[in-house]
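In the numbering used here, the protein residues as written are 679 to 1197. Even glycine gets a Cβ: it sits at the ideal position worked out from N, Cα and C.
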Amino acid sequence: MATDIHNLIAAINPEIYCDPDVKDEVKKTVKDALANGDKDAYVQGAKIAKPKEVEFVDPEKIILGNPFDTPGFKYPSEKHEVSYDLAMQSLEPIYFWLLDYITEEYKQSSKIIDNFVSAPGSGHYSEVGQKATRMQEEAMKIMGSANTVLRSILNIIYDLKEFRMRLQDYDKLESENKEERTAAWLALKQIWMDNVDIKRGNGSLNGLAQQLEFVTIRDAFMAAKSLENVDELDLNERVQRILKQRVAEFGKWVKASERELRKRFEIEKSYLKSQVASLKLYARWAKPYLKAAKQLEQRMDPDASVVNLFNTTLMELTVLGERQIKINEEVGMGNLPAMMIDVPQRKYFMIVVSELKFRSIPDRNDQRGGYQFRGRVDLAFTSYALNEQELEVLKDQVDRDDLQDLFGLVEGATSDSLGEVQVDLDDLLEDKDPEEEAKKKSEEKEESERKEKDGNPFTSLFGFLGKKKSSNGDFSVEKPIPEDSEYEEAIRSQAIIDARGRCGKLYGTFKKTYQMPAF
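Next comes the structure, spelled out in structure tokens:
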């Protein structure tokens, strides 16, 4: 992730976490970006945001006081740093101890950053590069097959549209509307003349009219409603003989062509279903390879520790811990008044951002390619308090990293490509009654208009290409985050205080676990 996590949090809630010198500029940047529909609005704000400097303060000084005075806002975050050198031990136990502790203490943990870089001359660099190349080659093989299937789908859709247009003429032959029946007969006669009769060359109706001066035969054919009707037309006997033969042949062609066309339509539709399923299958097969290749890329910026010929690897990991503040518990401890239990409010979370930066010496410990990492680790623990909407925005913006660009390679040939023809696919692959479909569309339109009038513009979007729905009701990550109410400010303030306490506890427990001096 290129964007600093602390800058991003400052952009999400500049009022509490952003430096006052740039706070107004950050607010304006985010507001303008959201108004323009920029999905990376908060990332844009994070580029100019600067977190408030962390100040050490006695916890007792914050806890005492009226919760509606929001004492936590004066000291919104706490940060602790520690370094540990493990030249003769593996670094993995530190990470897993931290992960287990956060999971147990905060109830929910997630890894949001995982980057590394190796010295070009190290064995680890070349081995990882070979694995990444192998993943890329496998992915591109699958992508080639997916592109072939996609072209086939587009051709089938075009054919099915043509078939359906033809079948509409056959359906109209049974219409109760006389004008529709007449128009359908004329259309089918024109198709028969252009595709079947034309193969007779000079003996076709067009050839007879143009070269043998049967000037009335084409109009007579179009006017004839049946074989019996030919005798009623004002034509000479010679023209009638030719016309009867063509009208009889046309009648047989209508029945045979309709039967074969409907059969071909169903066969093509079944084939389209199988091709769509194959394309989605190729997408599922390709994504793991592309994801693995991306994860094996060295996306971390090297520093002076990375010497070209040294056997060195740098890694950075960030683990996010989140724990919801329980209003009942806070009221029971006297931190919040009892009235807060019944007040409408959003969920608030105590957050800890744990950052680990490893400088290690990769040591191959078996012949199968496994490595043990020994060296130095720098840890930083920072506390925050966010509501459920801010937390959703944070995770959404963190996800919008290079991995999203990677998936664009496969999505562009699968999901996005299918999105362009999704309407056609739904129309062709679903068996729908025209009258019921029209009624359904009318009802959906009325429902959409009703929701817009009610001020609720968030309607469900179709298929697997729809936008990601929010778990917070009608909230969207592409809309501004509502400000805290007076009661929510008191809850956030208490969440800040609790988050500071848990962050300090994490720091102290880590030092005691690894036999460091602690207070």
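- By the Cβ test, the region 792-810 is not in contact with the region 940-955, since fewer than three Cβ pairs between them sit closer than 8 Å.
- Setting aside the 5 residues that flank it on each side, Asp682 has no residue in the same chain whose C-beta is closer than 6 Å to its C-beta.
- For Arg896, the enclosing alpha helix (DSSP H) begins and ends at Ile895 to Ala901.
- Straight-line spacing of the CA atoms in Ala901 and Arg842 works out to 26 Å.
- Annotation note: the region 1008-1079 contains the following uninterrupted beta strand (DSSP E) runs of length 3 or greater, listed N- to C-terminal: 1026-1042 and 1049-1065.
- For Ser853, there is no enclosing beta strand (DSSP E), as DSSP marks it with neither H nor E.
- Taking Arg1178 as the centre and dropping the five residues before and after it, the same chain places the C-beta of Glu756 and Ser1061 closer than 6 Å to its C-beta, in chain order.
- Annotation: Arg878 is outside any beta strand (DSSP E) and is labelled neither H nor E by DSSP.
- Judged by DSSP in its simplified three-state form, Ile834 adopts helix.
- Judged by their CB atoms, Met1028 and Ala1168 are not nearer to each other than the 7 Å cut-off.
- With contacts defined by Cβ atoms closer than 7 Å, Phe1036 and Leu777 do not form a contacting pair.
- With a minimum length of 4 residues, the unbroken runs of alpha helix (DSSP H) contained wholly in the region 709-752 fall at 719-724 and 737-741.
- Tyr1026 counts as buried, since no fewer than 16 other beta carbons sit within 10 angstroms of its beta carbon.
- If you draw a 10 Å sphere on the C-beta of Ile876, you find fewer than 16 other C-beta atoms in it, and that means exposed.
- DSSP, reduced to helix, strand and coil, places Asn793 within a strand of the structure shown.
- Counting along the chain, Gly999 sits inside the beta strand (DSSP E) bounded by residues Thr991 to Gln1002.
- Cβ-Cβ separation between Thr991 and Ser761: approximately 17 Å, too far for a contact (criterion under 8 Å).
- Sequence-distant Cβ neighbours of Leu1184 in its own chain, meaning closer than 6 Å and more than five residues away, are Phe1059.
- Distances from the alpha-carbon of Gly1053 to those of Lys717, Val1155, Glu1007 and Gln767 put Gln767 closest.
- Residue environment for Lys972: buried (at least 16 other C-beta atoms within 10 angstroms of its C-beta).
- Of the candidates Ser804, Arg1001, Asn986 and Trp963, the residue whose Cα lies closest to the Cα of Gly822 is Trp963.
- Distance check between Asn873 and each of Glu703, Leu838 and Ser935 places Ser935 closest, using alpha-carbon atoms only.
- Residue environment analysis places Ser787 among the buried positions, since at least 16 neighbouring C-beta atoms fall within 10 angstroms of its C-beta.
- When DSSP states are grouped into helix, strand and coil, Val760 belongs to the strand group.
- Between the beta-carbon of Val925 and that of Leu905 there is about 5 Å, and that keeps the pair under the 8 Å contact cut.
- With at least 16 other beta carbons inside 10 angstroms of its own, Met993 counts as buried.
- Under the 10 Å beta carbon count, Phe1188 is surrounded by 16 or more other beta carbons and is classified as buried.
- With distances taken between CA atoms, Asp747 lies nearest to Glu1166 out of Val908, Glu1166 and Glu1008.
- Take the alpha-carbon of Gln889 and the one of Leu1107: they are about 47 Å apart.
- A distance of 7 Å or more separates the beta carbons of Ile694 and Pro745.
- In the DSSP assignment, Leu777 falls within the alpha helix (DSSP H) that extends over Glu770 to Tyr784.
- Counting of Cβ neighbours within 10 angstroms places Arg1180 among the buried residues, the total reaching 16 or more.
- Where Thr681 is concerned, there is no enclosing alpha helix (DSSP H), because DSSP gives it neither an H nor an E.
- Counting only the Cα atoms, Lys867 lies some 14 Å from Glu858.
- Beta-bridge analysis with DSSP links Ser787 to Gly999.
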